[in-house]
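Numbering (our numbering), first residue to last: 204 to 742.
Idealized CB from N, CA, C, for every residue including glycine.
Note that the coordinates shown come from a computational prediction; the quantities given were computed from them, not determined experimentally.
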């Protein structure tokens, strides 16, 4: 058996792995390289997928899925397995990525045409992005997915973003079963919406992320408190707070926390409530996907929703619907918060907001996620005096903040806990998805604590390993014990009873046609699923 590291090797973006056994070949993730021009050039490198029978995805972020339309464009037509929420979000994110590819090439080609240079083609188009979604097969967490007679996978909640997974892959050959875990991006233990990462039992081999292998995050609540303090300070002097934020995941978490802050303001009779603008079409679509998958929320968020509160809406929150509204935000100056993508400020509407706000010392820019080398976000955090945006040199006078507690990536302590919680420690760990310092620090810590081989593969290198001897039947049996069907049915029954008790909420006279149709479709879908359960159980 062997793994070839086609991305995220001694770097954070471009996650992509090719796994080969005696009889099978398959891929895990196929992400876009992001950051510097040198990194982005790797997106054009050819991947030999001709013998890959299928692909498995850890989650929907573009650095894990962003090259799939490129593969589709070049002939890939095999199944892609992922969680249902990942499929929902990937459709949104890949379409957005394709629009950026097309827009960037259109901009570049205008200059090339004037100088007589050869015109470029986008890496892929919106048609490629839309078409490749037909290959995605959504699955549930903790379901044993038998891909073929030799390979099965279980998706475990990684707590990083909606639908994110650590993959438990079981490969049987010559009568022996090897268990490989791909950690995916591991979340923190304090996400306001999502569950903590699933505690895994162990494996033979582990492919593990190391984004923050050399760093400890500030406590989450401290970052929330700091954000509120910044908003209050900046708004009191008439300034604007710009939050470059990943449209999927981070934006919803920030909205959730600002919703809580708004409730606090109401409770304490605040007269002035700072308006919040979410200026990202993709964030709006992603928020709809979140509301479609509330079953994946943690209990606190579910209770919040059950109380009748929409966690992604409050009175002074405004979703910017079009380009004209976005432009208006920069034509009039008043205290406000603008949340806009992209999170690293490498593309998207946030760059326009930075152009119009960086020069003013009354304003502040708050980063709430990882900033890759070469990205505008990293450059601003490093303290540069001026930047070039849309051909114009902009002086950096605004305050620049980095709130690490909002990170969706596990810090060093969380990463060590990920391995520490495994009853069966891996024979070998492959450290990926991290810059050199983070990967090396984590590798040394793992070697020292567990006396395990922890290697840092190079890009395009191949690592071979021997078959393990894992008991897949015991693993599946444990999985069934953990999934208490009766307990889950009881929870669903209580929720339906509560809805029935509050049936006056379903007054169709108070709904617009879209809300009514959406609710009607959900009820019809529920009826169909109940009929399916009846057929399976014979009752």
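- A Cβ-Cβ distance of about 6 Å is found for the pair residue 628 and residue 655, placing them in contact under the 8 Å criterion.
- DSSP places residue 215 in no alpha helix (DSSP H); its state is neither H nor E.
- Here the C-alpha atom of residue 731 lies approximately 27 Å from the C-alpha atom of residue 504.
- In the DSSP assignment, residue 605 is bridged to 570.
- Runs of the alpha helix (DSSP H) lying entirely within the segment 464-528, each at least 4 residues long, are 484-495 and 502-509 in chain order.
- With respect to the 9 Å criterion, residue 485 and residue 451 are classified as neighbours on the basis of their beta carbons.
- Shown here for residue 442: same chain residues with a beta carbon closer than 6 Å to its own, the five before and five after excluded, namely 565 and 566 in chain order.
- With a beta-carbon spacing of about 5 Å, residue 362 and residue 399 fall inside the 8 Å limit used to define contacts.
- Secondary structure note for residue 319: it is in no alpha helix (DSSP H), with a DSSP letter that is neither H nor E.
- The criterion of a C-beta distance shorter than 9 Å is satisfied by residue 426 and residue 606.
- Assignment of residue 237 by DSSP, reduced to helix, strand and coil, places it in the coil class.
- In its chain, beyond the 5 residues on either side, 443, 444, 538, 565, 566, 567 and 602 have a beta carbon closer than 8 Å to the beta carbon of residue 437.
- In this chain, the beta strand (DSSP E) harbouring residue 347 covers 347-349.
- For residue 554, no beta strand (DSSP E) run applies; the uninterrupted alpha helix (DSSP H) run containing it begins and ends at 553-560, by DSSP.
- Residues 222, 255, 256 and 257 of the same chain have their beta carbon placed closer than 6 Å to that of residue 229, with the five preceding and five following residues left out of the count.
- Going by C-alpha positions, residue 524 is about 16 Å away from residue 534.
- When secondary structure is reduced to three states using DSSP, residue 228 falls in the strand class.
- Fewer than three beta-carbon pairs drawn from the segment 283-292 and the segment 315-323 are found closer than 8 Å, and the two stretches are therefore not classed as touching.
- Note on the segment 254-322: whole alpha helix (DSSP H) runs with a minimum of 4 residues are 265-268, 271-276 and 287-318, in chain order.
- Excluding the 5 residues flanking it on each side, residue 670 has same chain C-beta neighbours closer than 6 Å at 379 and 381, in chain order.
- The bridge partners DSSP lists for residue 447 are 543.
- The three-state reading of DSSP puts residue 434 in helix, counting H, G and I together.
- The C-beta distance from residue 462 to residue 526 rounds to 26 Å, too long to meet the 8 Å contact threshold.
- The Cβ-Cβ distance between residue 434 and residue 609 does not fall below 9 Å.
- No residue range can be given for residue 576, since it is assigned to no alpha helix (DSSP H) and is classified by DSSP as neither H nor E.
- Burial check for residue 506: the Cβ neighbour count within 10 Å stays below 16, so the residue is exposed.
- Under DSSP, residue 356 takes part in a beta bridge, and its partners are 348 and 372.
- For residue 411, the uninterrupted beta strand (DSSP E) segment begins and ends at 408-412.
- Boundaries for residue 587: no alpha helix (DSSP H) harbours it, and the DSSP string shows neither H nor E there.
- In this structure, the beta-carbon distance from residue 483 to residue 554 does not fall below 9 Å.
- Relative to residue 667, the option among 556, 649, 723 and 410 whose CA is nearest is 410.
- The C-beta separation of residue 332 from residue 272 comes to about 4 Å, placing the pair in contact by the 8 Å criterion.
- Apart from sequence neighbours up to five positions away, the residues of its chain that approach residue 205 with a beta-carbon distance below 8 Å are 222, 223, 665, 666, 667 and 668, ordered along the chain.
- If you draw a straight line from the Cα of residue 357 to the Cα of residue 391, it is about 21 Å long.
- A direct Cα-to-Cα measurement between residue 657 and residue 232 gives close to 21 Å.
- The beta carbon of residue 464 is closer than 7 Å to those of 431 in its chain, skipping five residues each way along the sequence.
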